[in-house]
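**Student:** Residue -9 is where the sequence shown starts when you use my numbering, and the numbers rise one by one after that.
Positions of the beta carbon are idealized from the N, C-alpha and C atoms, including for glycine.
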Amino acid sequence: MKAWGIKGPHGLIEVHGDLGRAMRSAVKHRIENGMDVKVVEVKVEEVGTDKKPEESSSSSLVSERAEMDRGEVNSVIDGVNSMITHLEDLTRSLVNKLNSMKGRLKAVEELAWEEAETIDHIKDENWRLDQKIQKVESEQSNIYQRLEVIEQQKLEELHNRLVVVEEGIESMKDRRERLEEVEGE
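#1: Measure how close the beta-carbons of VAL30 and TRP(-6) come, nearest whole angstrom, since I'm counting them as under 8 Å.
#2: Below 8 Å on the Cβ atoms is my guess for ILE74 versus ARG20; work out the distance and round it to an integer in Å.
#3: Suppose contacts are defined by Cβ-Cβ distances below 8 Å. Is LEU77 in contact with VAL17 by that definition?
#4: Please go through the same chain and pick out, in chain order, the residues whose beta-carbon is closer than 7 Å to the beta-carbon of HIS6, but skip the five residues on each side of it.
#5: What residue from ARG151, LEU9, ARG136 and GLU105 has the CA that sits closest to ASN71's CA?
#6: What's the gap between the Cα of HIS149 and the Cα of ARG165?
#7: Decide if ILE123 is buried, meaning its Cβ has at least 16 other Cβ atoms within 10 Å, or exposed.
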């Protein structure tokens, strides 16, 4: 009976009756356990058969066919082993790329945190500046109100002075007229 085994560095690990299962198992051992394994053909003797060499006249043809099949199987096994090696190389390459991407992602994440801290700092500064601007605008408004009051007071003083001056002028005109009247008499 034909069977395929998974051979590791310390000998045979598993035996499968199906080549496909043996290949999948070998890939699993290589990828998950990191073991250096190969798929090999294993001879398995059937227990309890009562065949006699003379019963089969075509036994020589069967053995020749089995030899041809073994060559083809060995070729397939070699191909599978090279595919497994190629898959291992691809897996290592992918792991390296993933690790590299993890490193880049971490660097980007750190930059994002720094940018977030910078943005928070800028927001705080903007808030402080807004507070200062509001204070300055409030003081400016107070100054304008004071200036208006002072201007109003000055205008009233000037008006009052002007009234006094006008009254003085009127008084002087009246005096002059009286003087002219007195001189004219």
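**Tutor:** Let me lay it out:
#1: That pair is a contact at about 7 Å.
#2: Your pair ILE74 and ARG20 checks out as a contact, with CB atoms roughly 6 Å apart and the cut at 8 Å.
#3: Contact flag set, yes.
#4: Setting aside the 5 residues that flank it on each side, HIS6 is surrounded in the same chain by ALA(-7), TRP(-6), ALA12 and SER15, each with a C-beta closer than 7 Å to its C-beta; the list follows chain order.
#5: Across the set ARG151, LEU9, ARG136 and GLU105, the C-alpha of LEU9 shows the shortest separation from the C-alpha of ASN71.
#6: Inter-residue distance for HIS149 and ARG165 is about 24 Å (C-alpha atoms, whole angstroms).
#7: ILE123 should be labelled exposed.
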